[in-house]
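Quick note, the sequences are listed as chains F and D, same order.
By this note's numbering, the letter at position 64 of the first sequence is numbered 64, and the numbering carries on one by one without gaps.
By this note's numbering, the letter at position 64 of the second sequence is numbered 1064, and the numbering carries on one by one without gaps.
Even glycine gets a Cβ: it sits at the ideal position worked out from N, Cα and C.
These numbers were taken from a predicted model, which means no experiment stands behind them.
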Amino acid sequence: GEDVEQSLFLSVREGDSSVINCTYTDSSSTYLYWYKQEPGAGLQLLTYIFSNMDMKQDQRLTVLLNKKDKHLSLRIADTQTGDSAIYFCATGYSTLTFGKGTMLLVSP
Amino acid sequence: DVKVTQSSRYLVKRTGEKVFLECVQDMDHENMFWYRQDPGLGLRLIYFSYDVKMKEKGDIPEGYSVSREKKERFSLILESASTNQTSMYLCASSSSGDRDNSPLHFGNGTRLTVT
């Protein structure tokens, strides 16, 4: 079945850029998603990218897609302490497959 | 904004009890899902439903059942709760309108402890 892999932890300083990486196996997904989970909460859809695009920018967020390598990344510019959370990438159609999540810790 | 509401944020139940987790969405979504989230294991799909009275098994359905009597409501049932079902349970919904782009919208989760 589909497999989605992410690094588990990333630590950055406030104001730096953060880059969270994801690799996946199923290349048939039309859309790929990034979700954010704050402590004690559910998952919130952050952004998504259509599979025939290689980049999407949304304010401080930049999503890069390398379809050949099946690699997806999320860059957060000017990272703030409020960005501290777990970030999940997900692929698939109606039943999404999620990575295990990357915990981003932003220190002042 | 889509709102997915899970009836309880925290639940404590005893081993062997029958447990109902309720989820309601207000956006007329056709699809509803139940996941559980455990440290180190990420999100795992338990059951999902594409329509009223329809249900499909996900990756880990054992020990669970579901009910979808109305479009907006999807219930997860633990027939006889066990300690290994202690977990965070997340409900989600999505629309079938655009088959290719169906992001899931999640509730805030129910943290269930079985003692």
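Listed by position along chain D, the residues whose Cβ is nearer than 8 Å to that of F/G15 form an empty set, because the closest Cβ is around 30 Å away. F/F88 and F/Q37 do touch by the CB rule: their CB atoms are close to 7 Å apart, below 8 Å.
The beta-bridge partner set that DSSP reports for D/A1081 is empty. Counting of Cβ neighbours within 10 angstroms places D/T1115 among the exposed residues, the total staying below 16. The beta carbon of F/F88 falls within 9 Å of a beta carbon belonging to chain D, placing the residue at that interface.
For D/H1105, the residues of chain F that pass the 8 Å Cβ criterion are L45, in the order they occur in the chain. Taking 9 Å as the cut-off, the Cβ atoms of D/A1092 and D/L1076 do not count as close. According to DSSP, residue pairing for D/D1038 in a beta bridge involves D/G1042.
Collapsing the DSSP output to three states places F/T81 in a helix.
Under the 9 Å criterion on CB atoms, D/N1084 is classed as non-interfacial with respect to chain F. The contact set of F/F98 on chain D, defined by CB atoms closer than 7 Å, consists of G1042, L1043 in chain order. Of all residues in the stretch 1060–1090 of chain D, only L1090 come within less than 8 Å of chain F when Cβ atoms are compared, listed by chain position. By a beta-carbon distance limit of 8 Å, F/G92 contacts F/D26. Their separation comes to about 7 Å.
F/T30 and F/V63 have their C-alpha atoms roughly 15 Å apart. Here the alpha carbons of D/V1066 and D/E1079 stand approximately 10 Å from one another.
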